[in-house]
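Data first, discussion second: the structure below is written as structure tokens.
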Amino acid sequence: PYYGLQHPKHLTTADAVTEVLEVVCLGNLQFRVKVRVCNQGSVALPANLPLTFYRGGNPNLGPATKISTHTISPAPILPGGCAELTVVLQFTGGNVYAIANDPGLNVFPLQDSDEFWKAECDYANNTAVFKMNPLIGPSLSLGPDIHDCQQGQYVLQASPGFASYTWQNNTT
């Protein structure tokens, strides 16, 4: 049978579409990643649909390293519906791949395997790719120590990349 088309010889199916909505650096090399999975198919995606994150290569084309697997939603995702998932991941260099409907069994390449949990009409749109870019602040150089014996007043303004200054006694 063929999947996805409305025809007597074709089976109606779900179709998961994955999109990364936001990647936020939390500090300490941790990132909050928000992913949306929508169903563009004609039947519901099942409850507890898995979403797996990979690094070190595109798992659709060859081997990759699994970072983690999560449940997108405890409820089915109905046709035309979406579910969002927010997770915290440790920093990894290079591209990160978020793949819906993948239980993370490490059978590569995914496109040539039976790895996907639920039959769909299009597996190519299950994957979203993003990078984690740790925020590297501007370098700070105060220069040589300066002494002012006349107790003058000086206004300091935060330069680009800084919102304020915090002194050793926690004043700003």
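Going by my numbering, the sequence shown opens with residue 47, and the numbers climb by one from there. In this text, a Cβ means the ideal position worked out from N, Cα and C, and glycines have one as well. All values derive from a computational prediction rather than experimental measurement.
| Check | Outcome |
| --- | --- |
| A174 beta carbon less than 8 Å from that of V81 | yes |
| Best match in I118, V133 and T111 for proximity to G140 [C-alpha to C-alpha] | T111 |
| Rounded straight-line distance, which links the Cα of N152 to that of N85 | 24 Å |
| Extent of the continuous beta strand (DSSP E) run through I145 | N141 to A146 |
| Under 8 Å between C-beta atoms of V89 and T132 | no |
| For P149 and P96, believed in contact at Cβ under 8 Å, the rounded distance | 5 Å |
| T64 and A146 closer than 8 Å at C-beta | yes |
| With 16 other Cβ atoms within 10 Å as the buried cut-off, status of A93 | exposed |
| Distance between V142 and V79 (C-alpha atoms, nearest Å) | 11 Å |
| Unbroken stretches of the beta strand (DSSP E), 3 residues or longer, contained in the stretch 75-143 | 76-85, 96-101, 111-117 and 128-136 |
| T117 versus T212 - alpha carbon distance | 42 Å |
| Spatial neighbours of D168 in its chain, beta-carbon cut-off 6 Å, leaving aside the 5 residues before and after | D61 |
| Beta strand (DSSP E) segment containing A60, residue limits | Segment: none, A60 is in no beta strand (DSSP E) and carries neither H nor E. |
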